[in-house]
Every structure is written in C-alpha cells, then in structure tokens.
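For the protein sequence lines, the chains are A, B and C, in the order given.
Using our numbering, read the first sequence as starting at 1 and increasing by one per residue.
Using our numbering, read the second sequence as starting at 1001 and increasing by one per residue.
Using our numbering, read the third sequence as starting at 2001 and increasing by one per residue.
Think of the CB as a built atom: it goes at the ideal place given N, C-alpha and C, for glycine as much as any other residue.
Treat the numbers as computed from the prediction; the structure is a model and nothing was measured.
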Amino acid sequence: MRASEQALVVRDLRKRYPKVEALKGVSIALPKGEIWGLLGPNGSGKSTLLKCVAGLLQPDGGEIEVLGLPPSREAKAEIAFVPEVDTLYRWMTVRQVLDFTAAFYQDWQEETAGELLEFMRLDPEAKVSSLSKGMRARLKLILALARTAPLILLDEPFSGIDPSSRDRIVEGIIRQFKGEEQTMIISTHAVGDTEQLFDAVVFLDEGTINLQGNAEDLRTRWGKSINDLFKEVFA
Amino acid sequence: MKIRRITLAILALLTVLFVADMRYFQPRRGRSGQPSVRFQVEPSRVAHFHAEKTQVFTRPQGSLSSLMLSGALGHVELRSTDGTELVVRATILGETEEELARFEVVESVSNGEISYKLGPQTAQFPEVGLSFAVEVPAGMEVTVKHSYGSVEVEDFVGFLRLLTSFSQVTVTGLQGSLSVENQFGSVELLDISGPLAFEDAFSNSTVLLSPVDGGYNFQVDVTNGSLTGNAPLEKEVRQNMIKAQGTHGEGVHPVVIESSFGSVNLNIGR
Amino acid sequence: MKRFLKLVLKDLEGSRLPTLFLSGITLVFMAFVRYKVSFGSWHSQMSVLAVALPTAFFPLWLIWRSFQTLRSEWREDTVYTLLALPVPGWQVMLAKLVSLCVEYSVLFAVTVGGTSLFFGGLLDELWSMVSSLSWVVWNGFWVYAAGLAVYSSLIIYIQLAFVVSKMVGKVQGLVALWVWVLASWLADKAAVLLAPLFRWLPTLRLHEFLRLNELDSGIVFEWHPAGQIGLVLATVAFFFLTGYLFEHYVEINE
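Right, here's the structure in full:
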C-alpha cells in the first residue's frame, strides 16, 4: 500500500522532554475513512503524538506523513487540530473566531459552520471570554468540523466538560464526519460513552503502543468492550 | 530536545566567535575609518549691529589672579602682555544708540577673580552683542564664555579656559595650559605649548602643538567623526568611534581630546 | 493576501485596547498639565514635562509591546492556533511588525496632536524659527519615518531573540537577551564586511533634502550609507530567519 493511500503514517516517532521520553518509537498507519481512538492514561504520550502530527511539536526522531506529505505548510492545510487547551483569542466574538479560521482554510464550509453554530447553541455575537468551558470546547469543535479537512485530530475533546456539552460534541462528530473523505483521531483517557465512535483504537502507554486494531475485532477477540479492555490494560 | 541541543550548540559557537572577535579583532588597531554621518553647523550670521558703545577698564593686577569674560554675538580678542595692568575694552553692540543706553558692562571682583559681563541682569544677548579686546598680564588665569561670534587669542601666557558655542575660535601661540569646551562652529588651536583639554561637538577643529620639553601624552576619543594629523597615535576604530592614544617624547603633558560629530586634525609642529 | 490581512487585523485588534488606553492616559495627562498651567498653579515650564514624559515613555512601552505581542501568544495558548495555520512564518511575524508599526504611528500622532492641541501657544517661538508649515510637515514626516525604521529593526531583533529563546526553552529571558547581543554583533560584522562593496554609493546631502539650509546656511548634514547597507541586509535576513524558525522549529509550551 502506498503511503499516500494512508491518512497518516507514523514511523518510529520519538519525542523527548527534558525529564521524560514522551514517545519511544511509535509507529502507526491509519487508513482513510475511519475514526480512531487514541487511548491511554494521562502522560501516556497521546497529546504529544497529536501535536507532533499537527506540527506543534518537533519530533526528535522518526517520520510523519500526512496523506503522503512530510510535515509542512501543505500538510498543515490538510489537518484540523483541536487541542485540549483553550487556544481561542479571548477578545474575539464567536463570529470573529469563525471568520478568522475561515480565512486560512480553503476547505472551510460556511454553510456547515452556520448549521453547527445553531446545533451547538452558540451565540455568534458572544465574546469568547464570556463562554463557559463547555461552550468553548463546542466552538473549537466547530472550527474542525466546519472544514472538510482529510485529517481531523481531536485531543481530549471531552475533558472537563459538562455531560450535555459532551453529548452535543459526540452528536456533532457523528453528524459531520464524512467517512468517505475524512479520517479522525480522538485522543481520550475516558473511553466510556465515546466507545461507539471508534472504528479502530490504539492503546498508548508511556510512549509505546500496547495494543492497536479494529475496534470490533478487539471486542470479539477479547470478549469485552473497549472500555473494559482499556481498564484492564491500564489497571 | 534535539532542537534545543542544536540551538544551544549554535549559540555557543556564535558566543565563542563573539568573544574571540571582541578579544582579538576588536577594535581593529591601526585601521582608519571614515564616519558615515557628518554633521556640522557653521556660526550663524547674526544681524548686523549699527550702533556700539565702548567702555574701557584698566586695572592693576595686584591681587587679581583670574579674569572672567562673558560675551556673545561679538568678537573677543585676547593677548598677554609683559605689563602688570589688565586692560579690558568692552563694546556693546546694538541696533540703535538709544537702545544701547539701557545696557552697560558690569565689572565685579570676588575672591581674586574679576569678571565682566553685560548688565543689567535682565539684559539678554539676542537683543545686543558684547565684544571684548583684552590685554592681560602674563600668567593670569582667564576664562572666556562666548557664543555666536568669534574668539581670537594671540600669544597668551597663563591658564586659559574657553567655553564657546557657535563661534569661530582661534588660539595662536599659547604657553601654559589650555582648556576648551566648544559646540558648533570651528576651532583652531595653533602653536600650543603645554597641557590641553579639549571637548568639542559638531565642529571641525585643528590642533597644532609645539614641541615642548617632556613631550605629550595623548588620549583622543572621536565619536561619529574623523581623526587626522601627524600626532603619533595608535588608533582603535569601531564603527562610529575612534579611540586613540600615544605619546610624544616623555609624555609629560596630557592632551585629552573628546570630539563628537566633527573632525579633529591633530598635529605636532617640527 | 487575505490571510495576511486577517493576521494583521487580528494583531491590530489585540493591540487596540492597550493603545487606546495609553493614548487616552497621555491626552488626559496633557490636558491636566495644560489646565494647571493655564490657571497658574504650575509654572509654564511644566508644559515641557507634559510633552517630554510621553516622548520618553513611549519607546519603552513599544519595546515592551514588541515582546509582549509574542509572549501573550504562548501565555494564552493561542500559539497553538498560529503554529497550526498553513501560512509562512514570516507572514505571522510581518503581521505583528505591521500592527506594532501602526501602534507606533498612533502614539506618534497622539504626541504630535496632543502637543499641538494643548500646548500650541508654546510653539509660537518655534514657529518663528522655522521657514514654513510645509517645512515642518516635511521634516516631521522624516522624523516619523526614521523613528519607524529604527523601531521596525528593533522589533525584528526582539522577535528573533524571543523565537530562539523559545527554541531553547530554559532561562528564556537571559537567552533572549544574549541572542539580541549576538544578533547585533552579527549585523555589525555584516555592516563592516559589506561596507567596501557599497563605497560607490553617493554621499547623501541630507541638509539639502531636509532643507536645513533654510534654518541656517551653515548647516551641513551628510550621510554615506555604505556602512549601513550590511546592517539593513542583516536585519532583513534576521527577519526571514525568524519566520523560518517560527514555522519549522518553534514549539508550543510543554
């Protein structure tokens, strides 16, 4: 299979911080059209992996290919990354955030953005600084889902938000994900309700991959849900 | 981590080069540099005065040890004599004689210093000018403050201090010590024998030292300017700064020159 | 171009409040001094203070702002957004440069406008010295432009120092300061090395260009640009280096 037929190929990826080696030679290949769960406890290297793919961290070794492209400006244009932290300019209104993002991505769908705004129940004139954490998480998700980016990276999208926001986000993902042209990676340490989303999963622990495969295959092989498997692996 | 290590390595390499450059190559000794900026203001041509009033003061030197002259918009002539009398010819310059009637030159003596300046106290120089022609007994200490005009000193023996601005200053023949602080205009110090302290900004200056017993010790700093002449100087040239030092003979008499935004031509006569 | 403009607008919007705040404070301060002077509470020489204080403070403020516009991206995690954008790093840096130059222009206008508005009377003496209003406007513009050029280069050095300090990640203040020193030294080296190549450039008679002769026929103000060409080229190179480092090597905080 040629690399460009994969949405994401990571080979022997290494990343070291001053006091810890976050990624110890991670290799994965994600085919197009699937939603992957990147699962692992806090500090397992999930966020580091996504940030390396998004170009926000520079690996110490290994290779990354996004749709066959090495890390580059062109590759960034194909990625929609939603980090865990608040990355929005707080003085902007919701409308300004959308307009700002729209200017940089050719795959921005204005109509979809409008629909998502309504679905996520956000006031376009509200200032980011006045939004709750759940609202900001929903807004960040709109920024990713209003695009037809071939690769969507969601880093802990459900972390620390209220259940209603979580449900909206899950529903939003299910509604907007275009399986035929998009690939999505969702990193999380709380599998629970989100298990239904994943076509495949990668278990990451202390910078190495413990387990990976098709979600249904794993359920069949181990005779338990991904959530139970997660608990067993990281017990 | 890799990027940090590479960055630190590059910074370390540059630091080594920087230190080596500072230690071994900067400043480049003996290299002559030309300033990239030249700024100069010649003395303003003041309005022509049509009237003048002269007062002459003749005083025996007695216990007087120093003389202070404060003038502007006029001409100062100063020279030493072998006599024991101090002769000050002060000329007030103005537009009309009626106007001049309001002014007079005020003489005052304090702690062995005799001084001459324009009076009354409310008088201001742009309205009128004040010139001096002075003869002083040799060995006296003289201070001249003068702006917007010219100062000419000839065959002076003693201690001379010139505080000038926007003036053409010429000293020809001096034995003793000379201190000059000048801004704008031009300065010519010729046939000077003895220590010299010269601070100058925004003007062109020429210094010609006469050979003396004991010789000279030079310390010259020129910022944004040029330094020429035959004085035996070892120059250190930075981008816009020249530091020079050197000795002539035994290097007894200090010659300290600080100049900015001007040119200095420093020579020793034969 | 649309992307670049969005970046500029974003940075302009971000600097709007602090600039308006400082401009307002300055004008209020000038008005207060004017009021005190008008009613005889303060000596008229205090007016000089009202003009001198902002003039002395603004450069420090602008240097701080150059640093702060980058620092806030990391502090508020908005650097995630910037680094993820598919735009050249130099455009991100140029947008910040442009918005800071606008900030400089606003503060320059506030100083000039406030001085004219509140202390116009004090300028009477100055007016009598200059030849015409057009002379003042002409030279005022060049003072503004020269200040802008100096400030722009300063921003470029601050940006480079900040970006490299982020690449090192530790003792960032000291690293930034040291990078600034090294960059200035390198630029100086470039100026010295390249100066002979540009000796052929003519000496510019600025006193004629600025019409200083009209003030006093004795004014001579000449500039030979050979020594500065290398400095300018090095500064431009540093600008693009900063953009390249930002795009390819800078990381978010971890």
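Secondary structure at GLN1061 (chain B): coil, using DSSP grouped into helix, strand and coil.
In this structure, LEU1073 (chain B) sits away from LEU1100 (chain B), with a CB-CB distance that is not shorter than 9 Å. Sorting C:GLY2089, C:GLN2068, C:ASP2077 by C-alpha distance to the C-alpha of ARG73 (chain A) places C:GLY2089 at the top. Here VAL26 (chain A) carries a strand assignment [DSSP, helix/strand/coil]. By the Cβ rule, the region 2001–2019 of chain C does not count as touching the region 1209–1229 of chain B, because fewer than three pairs are nearer than 8 Å.
Considered as a whole, the region 57–83 of chain A harbours 73–77 as its complete alpha helix (DSSP H) runs of no fewer than 4 residues, in chain order.
Counting only Cβ-Cβ distances below 7 Å, LYS1002 (chain B) has contacts in chain A at ASP60, in chain order.
Boundaries of the beta strand (DSSP E) around TYR1148 (chain B): 1141–1193. At a C-beta separation below 7 Å, ARG11 (chain A) has no neighbours in chain B, since its nearest C-beta there lies roughly 17 Å away.
Taking 9 Å as the CB threshold, TYR2249 (chain C) lines the interface with chain B. Taking CB atoms only, THR1170 (chain B) has no neighbour in chain C less than 9 Å away.
For ASP1082 (chain B), same chain residues with a beta-carbon under 7 Å away, outside a window of 5 residues either side, are ALA1138 in chain order. Beta-bridge annotation (DSSP): LYS1117 (chain B) is paired with B:VAL1106. For ILE2252 (chain C), at least one C-beta of chain A is nearer than 9 Å to its own C-beta.
Listed along the chain, the chain B residues whose CB falls inside 7 Å of the CB of PHE2240 (chain C) amount to none; the nearest CB is some 17 Å away.
What LEU1008 (chain B) touches in chain C, judged by beta-carbon distance under 7 Å, is VAL2168, going in chain order. The beta carbon of PHE234 (chain A) is closer than 6 Å to those of PRO41 in its chain, skipping five residues each way along the sequence. Between the region 1200–1208 of chain B and the region 1258–1270 of chain B there are three or more C-beta pairs closer than 8 Å, enough to call the two in contact. Chain order gives no chain C residues near LEU1130 (chain B), where near means a beta carbon separation below 8 Å; the closest approach is about 22 Å. Secondary structure of THR1096 (chain B) (DSSP, three-state): coil.
Approximately 5 Å separates the beta-carbon atoms of GLY1176 (chain B) and GLY1158 (chain B); this is inside 8 Å, confirming the contact. When DSSP states are grouped into helix, strand and coil, LEU2009 (chain C) belongs to the helix group. Here DSSP, grouped into helix, strand and coil, assigns GLN1245 (chain B) to strand.
Neighbours of LEU2182 (chain C) in chain B, taken as residues at a C-beta separation under 8 Å, are given in chain order as LEU1011, LEU1014, THR1015, PHE1018. The DSSP-derived three-state label of SER2152 (chain C) is helix. Distance from the CA atom of VAL202 (chain A) to the CA atom of ALA2234 (chain C), rounded to whole angstroms, is 48 Å. In this structure, the straight-line span from the alpha carbon of ASN1224 (chain B) to that of MET1241 (chain B) is close to 6 Å. Boundaries of the beta strand (DSSP E) harbouring TYR1216 (chain B): 1216–1223, taken from the DSSP string. Proximity of chain C to LEU56 (chain A) at the Cβ level (cut-off 7 Å) is accounted for by TYR2080, LEU2083, ALA2084, GLU2251, ILE2252, in chain order. In the displayed model, GLU21 (chain A) falls within a strand according to three-state DSSP. In this structure, C:PHE2239 is the residue among C:PHE2239, C:TYR2249, C:ALA2187 with its C-alpha nearest to the C-alpha of GLN2091 (chain C). Sixteen is the threshold: when 16 or more other Cβ atoms of the shown chains lie within 10 Å of the Cβ of ASP2011 (chain C), as they do, the residue is buried.
Per the DSSP secondary-structure output, ILE1257 (chain B) pairs in a beta bridge with B:PHE1198, B:VAL1220. Membership of MET120 (chain A) in any alpha helix (DSSP H) is not indicated, and neither H nor E is assigned to it by DSSP. Contact annotation: the region 180–196 of chain A touches the region 146–163 of chain A, with at least three C-beta pairs closer than 8 Å. The region 1225–1234 of chain B makes no contact with the region 2021–2028 of chain C: fewer than 3 CB pairs, one atom from each, lie closer than 8 Å.
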